[in-house]
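Student: Take a look at this one; I'll ask things after.
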Amino acid sequence: LTGIDISQCLFPTQPPQNITFAVHTVTNLPESWSNRFKLANQRLLIGALTSDQWGTALRELYRVLKPGGWIQLLES
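Counting from 746, one number per residue, gives the positions in the sequence shown under my numbering.
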């Protein structure tokens, strides 16, 4: 399991061994993550991204998915 945010301030100091946290932005994910994940779960970005950034963010989320993977968008 990999979690990202634009700041590490909310990352736990001692996360479980099966979870990795990294500082990244959804509009520019690492190239090495291409075709890596079965699920990309995005939460609470409705107010953080401009309308122009949403297309880029969705393309990035799609790029990091394995074939047949899922994107889940949660905003509540």
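We put the CB at the ideal spot given by N, CA and C, even for glycine.
Taking one C-beta from the region 753-764 and one from the region 786-800 each time, how about it: are there three or more such pairs within less than 8 Å?
Tutor: A contact is defined here as three or more CB-CB pairs under 8 Å, and the region 753-764 fails this definition with respect to the region 786-800.
Student: Per DSSP, Thr772 forms a beta bridge with which residues?
Tutor: According to DSSP, Thr772 bridges with nothing at all.
Student: Can you tell me the Cα-Cα spacing of Gln785 and Ile751, whole angstroms?
Tutor: Contrary to the premise, residue 785 reads as Ala rather than Gln in this sequence. Rounded to whole angstroms, Ala785 to Ile751 spans 16 Å at the Cα level.
Student: Nearest to Arg781 by alpha carbon, out of Leu818, Glu820, Leu746 and Ser821?
Tutor: Leu746
Student: Helix or strand or just coil, what does DSSP make of Thr801?
Tutor: helix
Student: Which same chain residues end up closer than 8 Å to Glu820 when comparing Cβ atoms and leaving out the 5 residues on each side of it in sequence?
Tutor: Arg788, Leu789, Leu790 and Ile791
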